[in-house]
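Note sheet for the following structure.
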Amino acid sequence: MLRLGDTPHLKLHPPMYLSSVLRPVQKLLKSASGFRAGVLALGLASAWLALCLLDPLPLQSLRLAQFDQFQRWYPRVQGHPTVQIIDIDEASLRAYGQWPWPRSRIAELVERLHAQGARVIGLDVLLSEPDRTSPSAMAQLWQSPQALTWLQQLPDPDHKLAQSLRDKPVVLGSNLLVQGATDDEIGTLSAPEGAPYRIVVSGSAQPRAWLGAYGAVSEPIPVLVSATRALGALNSSADVDGVVRRVPLMLRVGPLAMPSLSAETMRLAQGAHNYQLRGTTAGLQDVRIGSLVVPTNARGEVWLHYPPIDASRYLSAAQVLGGAVMPERLRGQIVLVGSSAAGLSDLRASPTGQLVPGVWTHALAIEQMLEGHYLTRPSWAPGLEAILVWVGVVSLSLLAIRLPVRGSAILLLTTLAAMATAAWWSFTQQQWLLDMTTPAVALVASYAIASSLHQFMVERQQRWLRSAFSRYVSPNRVAHLIAPTEKLHLGGQRQVCSFVFTDLEGFTPMLEASDPASVVSALNEYLEQMLVIVFKHEGTLDRFVGDAMVVLFSAPEAQADHRQRALDCALEMDRFATRYATQLQERGVTWGLTRVGVHSGEVIVGNFGGKTLFDSRALGAPINTAARLKTVNKHLGSRMCVSKA
């Protein structure tokens, strides 16, 4: 125990050998955690790679939402309109009656458009049933012989429309039906019998395996088909959320290839007689229409880049029928006829969040083909995104486990910003659709898992260290010992602390005169209960010195009420020691009184030693004063001596 004249310093941490033991233990734990981190990183990367290959619906929805947002932020800039839309709008229905109109009125509309110089006319309407006002339809309502005779003398509106279509560049709309679709993906692909075009396949593509498959065709009535063999499918490629982001150029019904309305309109505009489909075993790459090569996705679809909705692009059918449209407006233009009337149920959801007429999507596809402006999702994009997921998840998972939380979070945010910038640049400068959402979700989720595991491992290491070293040193000192390494550097600072010194009166003679086993047993029980009191008041045990104890407060961590803690601790220690001595004496065991000294004062607290090994100490006169106060009890006949400080 400390005596008068001892060097006035006090070691605050465990003996230096504990610090030397701590380093290899930490290295061992780090090596084990490093192995687990590697296994975790590879496991997460493999799981996310499998998800990328499966491409579940949630990932598809996120990817499409990103593409839609890019379109809202960066819509296509329209130049001079090359496609005119004749809209059978609400005003037209009010002026000329509800839909369907008599075929004679549609014939009049076609005649007027052709007379004003329309280059090609595409009808985005389905004429698969006879005119309800035709003589044959009316004859079923009127059974009078006189009425039948009179009806037979009237012209047939369907024949009137057929006559108007003949020898004019007009494309009629057809509808492909899913019912009866087959999976016959192997075999040749040809044009329907009598079609004014041929289907040519080049490369190693198997178009039947990639084109959208349908089971039947709902065509215009035969009299109209015989007038113009140009038929275009009106079907769109809506995604699972109902949004139309693509328009197919080519579809199939069994072994027959069916062009869409936009593709067939472009063929007539080009004066071409063939469709050339080129691709690989991975799908189609492009469709050649005359001199025009149109890049497509694997299913032969064109991605639409929506411009802002412009009402001036629409001409009301009522204006055309009323002769209110200047010929210059339509001369040399591709003209599509469709409807924006809500009652005709031809409105489609768009990436911009607005409802647009179906004819608008075909017009956009034609304009993009004429302008050579294509959004594409490159065939290498999924592979690149999968590589980003693999490398990013492995790297970030390992770093999240090894780096501080702030450092790994900054790295994550930087990576996400870089991916977002790359995707945005690709969209605006190259018209590439690159998915940043799947890698971003993978990185964020993996970071959260890795960070949680890192926190779990840190806490487990700290629990292990506390459990192991708390048998040698005070628990709050262990907490300081395993604290972040920023605190472990040479140096010190001034700090006011309180000190409690204790020792047993006459312990050495008692030890020499008694059975060692019984004395050691009694001493251990005494020290155990004294430790319980110290830790109850959150004191720090520096060490045992034989029968003596050295306790301090407000170090290594500051305590604002350290004086009160030290005094309360000393008083409770005195009460226990007195009671314990009485109990032993009643059992015939000689046991001395416990002397206690308490003092507070300013000392220097810090780490002292060398670069290889150092220890934490408190240096200053208050330490020696507390030791002397404990010794003064022997001369005063007291058990506790407390200074005014």
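For the sequence shown, the tail end lands on 1747 under our numbering, and the numbers increase by one without skipping. Here a beta-carbon is modelled for each residue, glycine too, at the ideal position from N, C-alpha and C.
With contacts defined as CB atoms closer than 8 Å, T1642 and P1658 qualify as a contacting pair.
Annotated as distal: I1725 and V1744, with beta-carbon spacing of 8 Å or more.
Contact annotation: L1228 and L1351 have beta-carbon atoms that are not nearer than 8 Å. Looking at the DSSP output, R1508 shares a beta bridge with no other residue. A Cβ-Cβ separation of about 5 Å places Y1549 in contact with L1514 under the 8 Å criterion. Counting only runs of 3 or more residues that sit fully inside the segment 1145 to 1198, the beta strand (DSSP E) segments are 1185 to 1189, in chain order.
Residue state for A1340 is assigned as strand, using DSSP reduced to three classes.
One Cα belongs to P1324, the other to E1430, and the distance between them is close to 34 Å. The C-alpha of T1523 is placed about 42 Å away from the C-alpha of V1222. Collapsing the DSSP output to three states places D1226 in a strand. In this structure, the alpha-carbon of S1339 lies about 11 Å from that of G1460. Judged by DSSP secondary structure, L1291 falls outside any alpha helix (DSSP H); it is assigned neither H nor E. Annotated three-state conformation of Q1387 is strand, per DSSP. By the beta-carbon neighbour count (other beta carbons within 10 angstroms, threshold 16), S1328 is exposed. Pairing G1694 with A1728 gives a Cβ-Cβ distance that is not under 8 Å.
Within the model, the alpha-carbon separation for S1194 versus V1342 is close to 33 Å. Distance from the CA of R1677 to the CA of H1639, rounded to the nearest whole angstrom, comes to 15 Å.
Cβ neighbours of T1696 within its own chain (closer than 8 Å, five residues either side excluded): T1604, D1605, L1606, E1607, M1675, D1676, A1679, T1680, A1683 and R1741. DSSP places I1468 in the uninterrupted alpha helix (DSSP H) bounded by G1460 to E1473. Under the three-state reduction of DSSP output, G1140 falls in the helix class.
Of all alpha-carbon atoms in D1157, Q1180 and L1146, the one lying nearest the alpha-carbon of A1547 is that of L1146.
Listed as beta-bridge partners of S1418 by DSSP are D1189. The DSSP-derived three-state label of Y1377 is strand. Each residue's CA atom was taken as its position, placing L1151 and E1321 some 45 Å apart.
DSSP places Y1628 within a helical segment (H, G or I) once states are collapsed to three.
Sixteen is the threshold: since fewer than 16 other Cβ atoms of the shown chains lie within 10 Å of the Cβ of F1558, the residue is exposed. Straight-line spacing of the CA atoms in L1654 and T1610 works out to 25 Å. Taking L1490 as the centre and dropping the five residues before and after it, the same chain places the C-beta of P1541 closer than 6 Å to its C-beta, in chain order. When secondary structure is reduced to three states using DSSP, A1660 falls in the coil class, being assigned neither helix nor strand. Annotation for A1544: W1150, V1491 and V1495 place their beta carbon closer than 6 Å to its own, counting only its chain and skipping 5 residues before and after. Contact between the segment 1452 to 1467 and the segment 1376 to 1395 is not established, with fewer than three Cβ pairs separated by less than 8 Å. Within the same chain, C1154, L1536, D1537, T1540 and P1541 come within 8 Å of E1487 by CB-CB distance, once the 5 residues on both sides are set aside.
Rounded to whole angstroms, Q1597 and V1707 show a C-alpha spacing of 6 Å.
Sequence-distant partners of L1457 (beyond 5 residues in either direction) whose C-beta falls short of 8 Å from its own C-beta, in its chain, are L1449, R1450 and A1451. The beta carbon of A1467 sits closer than 6 Å to those of V1349, S1364 and V1404, all from its chain and outside the five residues before and after it, given in chain order. S1364: member of the alpha helix (DSSP H) spanning L1363 to Q1372, first to last residue.
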